[in-house]
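This report concerns only the one structure given below.
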Amino acid sequence: MTLRVLITNDDGIAAPGIQALAWAAAQRGLDVVVAAPLEEASGTSAAMSAMERDGRVVVNDHPLPDLAGVPAYGVGGSPGFITLIALHGAFGPPPSVVLSGINRGANAGRAVLHSGTVGAAFTAATNGCRAMAVSLDVLSAGEATAASGGAAVDAAARVRDAERHWSTAARVALDLLPRLTSAPMESVLNVNAPDLPHGRLRGVRRGTLASFGQVQMTVAESGHGFVRTSLEEPGQAAQPGTDVALLAAGYASVTAIRAVTEATDVDLTGLDDQP
Numbered sequence: 121m122t123l124r125v126l127i128t129n130d131d132g133i134a135a136p137g138i139q140a141l142a143w144a145a146a147q148r149g150l151d152v153v154v155a156a157p158l159e160e161a162s163g164t165s166a167a168m169s170a171m172e173r174d175g176r177v178v179v180n181d182h183p184l185p186d187l188a189g190v191p192a193y194g195v196g197g198s199p200g201f202i203t204l205i206a207l208h209g210a211f212g213p214p215p216s217v218v219l220s221g222i223n224r225g226a227n228a229g230r231a232v233l234h235s236g237t238v239g240a241a242f243t244a245a246t247n248g249c250r251a252m253a254v255s256l257d258v259l260s261a262g263e264a265t266a267a268s269g270g271a272a273v274d275a276a277a278r279v280r281d282a283e284r285h286w287s288t289a290a291r292v293a294l295d296l297l298p299r300l301t302s303a304p305m306e307s308v309l310n311v312n313a314p315d316l317p318h319g320r321l322r323g324v325r326r327g328t329l330a331s332f333g334q335v336q337m338t339v340a341e342s343g344h345g346f347v348r349t350s351l352e353e354p355g356q357a358a359q360p361g362t363d364v365a366l367l368a369a370g371y372a373s374v375t376a377i378r379a380v381t382e383a384t385d386v387d388l389t390g391l392d393d394q395p
């Protein structure tokens with residue numbers, strides 16, 4: 121039986137990453153349907169937001185280049201919302217697996233909490249569907265080694281999206297698919313690949329979550345009636361073995377994560393005995 125796969129993202133239906141992932145999945149013989157936000161929805165986590173017209177969520181056909189026969193839809197909703205309605209049959213038979221990405225930029229460290237890419241995967245897993253989040257690190261080895269500090273960000277910005285190695289992230293992700301389908305249902309694989317040709321990867325490694333992402337938000341200025349924020353690189357080195365450290369060293373990183381789980385190590389004993 122052919123595996124039914126939903127491919128979504130938070131960069132929008134026209135983003136090159138989702139096209140690369142859909143193409144690679146179709147080439148592997150998977151039964152692919154694509155549904156993604158009409159516009160960029162980065163940072164939405166697992167939000168359930170949608171744009172309605174006359175009480176109906178907007179869904180537009182959006183055929184993808186070189187993917188004739190693969191149904192693709194631009195949806196007026198967040199990645200998490202799109203994933204949820206897909207699981208209820210909005211785009212044909214419900215998927216058995218959700219692949220979310222390829223995101224433009226790493227989703228690493230505990231900052232994955234805020235990612236719409238990871239949020240879609242969490243939504244799938246919470247609703248009984250295996251899921252993987254896939255990201256391409258645009259600050260990774262190929263670019264960041266030639267720069268430091270803010271210059272790394274500037275160097276990444278100068279690379280056109282069409283020139284990035286989306287196929288590397290797609291290949292890494294699909295090679296990990298057997299591990300995903302054999303994993304517990306509630307788990308999510310968070311995959312990050314450096315922006316390098318596949319032949320230049322040093323390998324694929326299990327990475328622990330860094331305590332921070334590659335960049336952190338700070339308050340740059342605040343005054344009467346306003347706050348201005350900025351993104352800065354952390355002032356501390358990534359711990360060895362973390363996803364951030366592996367990416368910087370030229371490895372693809374995969375981390376098994378879970379969404380909402382109970383904390384069993386908090387002392388709540390005796391509460392059930394109270395009147």
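Take 121 as the starting number for the sequence shown in this note's numbering and just add one per residue.
C-beta atoms are modelled at their ideal positions from N, C-alpha and C, and glycine is treated no differently.
- For A330, same chain residues with a beta-carbon under 8 Å away, outside a window of 5 residues either side, are A228, G229, R230, A358, Q359, T362, D363, V364, A365 in chain order.
- The alpha-carbon of H182 is positioned some 8 Å away from that of I133.
- In the DSSP annotation of this structure, the continuous segment of the alpha helix (DSSP H) that includes R299 starts and ends at 297-301.
- Our two residues, G248 and S307, have alpha carbons roughly 10 Å apart in a direct line.
- The alpha carbon of A142 has as its nearest neighbour, out of D131, G149, I127, the alpha carbon of I127.
- Restricting attention to alpha helix (DSSP H) runs no shorter than 4 residues, the region 301-340 encloses none.
- The three-state reading of DSSP puts T389 in coil, since its state is none of H, G, I, E or B.
- When secondary structure is reduced to three states using DSSP, L219 falls in the strand class.
- Under the DSSP definition of a beta bridge, V177 partners with E172.
- Exclusion of the five residues before and after A244 leaves T203, V218, A251 as the residues of its chain whose Cβ lies within less than 6 Å of its Cβ.
- The shortest CA-to-CA distance from A167 to any of A253, G197, A188 is the one to G197.
- In this structure G149 is not in contact with G200, their Cβ atoms being roughly 28 Å apart against a cut-off of 8 Å.
- Around the beta carbon of L300, 16 or more other beta carbons sit within 10 angstroms, so the residue counts as buried.
- In the three-state DSSP reduction, L233 falls in the helix class (H, G or I).
- DSSP places P136 in the uninterrupted alpha helix (DSSP H) bounded by 136-147.
- Within 10 angstroms of the beta-carbon of Q139 lie 16 or more other beta-carbons, which makes it buried.
- The alpha carbon of G236 has as its nearest neighbour, out of A161, F332, A372, the alpha carbon of A161.
- DSSP places R291 in the helix class (H, G or I) of the three-state scheme.
- Of the candidates G319, T384, A289, R320, A289 places its Cα closest to the Cα of N310.
- V374 sits buried, since 16 or more C-beta atoms from the chains shown fall within 10 Å of its C-beta.
- For I377, the enclosing beta strand (DSSP E) covers residues 372-378.
- DSSP places P360 outside both helix and strand once states are collapsed to three, so it counts as coil.
- When DSSP reads this structure, G343 sits in a beta bridge with F346.
- Sixteen is the threshold: since fewer than 16 other Cβ atoms of the shown chains lie within 10 Å of the Cβ of L388, the residue is exposed.
- Counting only the Cα atoms, L316 lies some 23 Å from A376.
- Residue state for A192 is assigned as strand, using DSSP reduced to three classes.
- When DSSP states are grouped into helix, strand and coil, D257 belongs to the strand group.
- It is roughly 14 Å from the alpha-carbon of P213 to the alpha-carbon of V190.
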